[in-house]
Amino acid sequence: QKEVEQNSGPLSVPEGAIASLNCTYSDRGSQSFFWYRQYSGKSPELIMFIYSNGDKEDGRFTAQLNKASQYVSLLIRDSQPSDSATYLCAVNNRTNAGKSTFGDGTTLTVKP
Amino acid sequence: NAGVTQTPKFQVLKTGQSMTLQCAQDMNHNSMYWYRQDPGMGLRLIYYSASEGTTDKGEVPNGYNVSRLNKREFSLRLESAAPSQTSVYFCASRMTAGNSPLHFGNGTRLTVT
């Protein structure tokens, strides 16, 4: 079992819809969770981070964390074609000296 | 602000050649990392430096060495390049070895023939 797993893509949604990206992790000691967006040929950039159970909202983006279920998700409301990218889930825990473990990513396409 | 700067952007090597990838950050971050990214495989950690003067192996360290030259600079060396090392390499940094997010450089696309 991989340490961090993301729902296999690609994911395609129409413009204006809600895109839902999911991530599960195996290490119960995980403390912090990050979503990065990566456009083709570019480097990853931070979208959201979340440390506590529940929801965290930032504009059109909402991160959801459920530590009991070892599950973290990213919702993108009112999806735009500019949201088309690969989304990477990353997980840290207190025993790994800050090393982030990444999932393989989910590629999202938003169709006009 | 430059952030994290990597050089070179592109490199082609022949099998057995050596090279050093350079990385520098100007954000006064303590921790620095080298990742490689292969198609469909996400980012895999090669080596990291939690703080100046320390380095540790990551998930895929074989065939690589690193040097944390000072707080700003963290280089990755391929002593004898192999085709399996064809990849995109990203350097990243963060404030502390913990919960702060990573800041990435623009990447180095390496091809080994």
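Residue numbers (my numbering), protein chains in the order written: chain A, 1 to 112; chain B, 1001 to 1113.
Just so you know, even glycine gets a beta-carbon here, dropped at the ideal spot from N, CA and C.
Residues that M1041 of chain B contacts on chain A, provided the C-beta gap is smaller than 7 Å: Per Cβ cutoff of 7 Å: D104.
Determine the contact status of L74 of chain A and L21 of chain A, defining contact as a CB-CB distance below 7 Å. Yes.
Under a CB-based cut-off of 7 Å, is L1076 of chain B close to chain A? No, L1076 of chain B does not count as interfacial toward chain A.
Can you tell which of B:S1087, B:S1051, B:R1072, B:T1096 has the C-alpha that lies nearest to the C-alpha of Q1011 of chain B? Of the candidates B:S1087, B:S1051, B:R1072, B:T1096, the one whose C-alpha sits nearest the C-alpha of Q1011 of chain B is B:S1087.
Assign M1032 of chain B to buried or exposed, taking buried as 16 or more other Cβ atoms, counted over all protein chains shown, within 10 Å of its Cβ. Answer is buried; the Cβ neighbour count reaches 16.
Which partner residues of L75 of chain A appear in the DSSP bridge assignment? Assignment of beta-bridge partners to L75 of chain A by DSSP yields A:S20, A:T62.
Do S12 of chain A and T109 of chain A count as a contact pair if the criterion is CB distance below 7 Å? Their beta carbons are under 7 Å apart, which means T109 of chain A touches S12 of chain A by this criterion.
Count the other C-beta atoms from every protein chain shown that fall within 10 angstroms of the C-beta of D83 of chain A, then say buried if there are 16 or more, exposed otherwise. The residue in question, D83 of chain A, is buried, as its Cβ has 16 or more Cβ neighbours within 10 Å.
Residues that M1019 of chain B bridges to, as DSSP identifies them: Beta-bridge partners assigned by DSSP to M1019 of chain B: B:L1078.
Check whether the Cβ atoms of I47 of chain A and R37 of chain A sit closer than 7 Å, and answer yes or no. For I47 of chain A and R37 of chain A, yes; Cβs fall inside 7 Å.
If the criterion is Cβ atoms closer than 7 Å, does the pair S69 of chain A and A19 of chain A meet it? For the 7 Å CB-CB criterion, S69 of chain A and A19 of chain A do not form a contact.
Using C-beta distances below 7 Å, list every residue in its chain close to D58 of chain A, excluding the 5 sequence neighbours before and after it, in chain order. Hits under 7 Å: M48.
Exposure of R1094 of chain B, with buried meaning 16 or more beta-carbon neighbours within 10 Å: With 16 or more Cβ atoms within 10 Å of its Cβ, R1094 of chain B is classed as buried.
Can you give me the start and stop residues for the beta strand (DSSP E) that S1093 of chain B sits inside? Start and end: 1087-1094.
Take N115 of chain A and list the residues in its own chain whose beta-carbon comes closer than 7 Å to its own, dropping the five residues that flank it on each side. This structure leaves residue 115 of chain A out entirely; chain A is present only between 1 and 112.
Looking at the structure shown, is D982 of chain B part of a helix, part of a strand, or coil, going by DSSP? Residue numbering for chain B in the displayed model covers 1001 to 1113; residue 982 of chain B lies beyond these limits and cannot be assessed.
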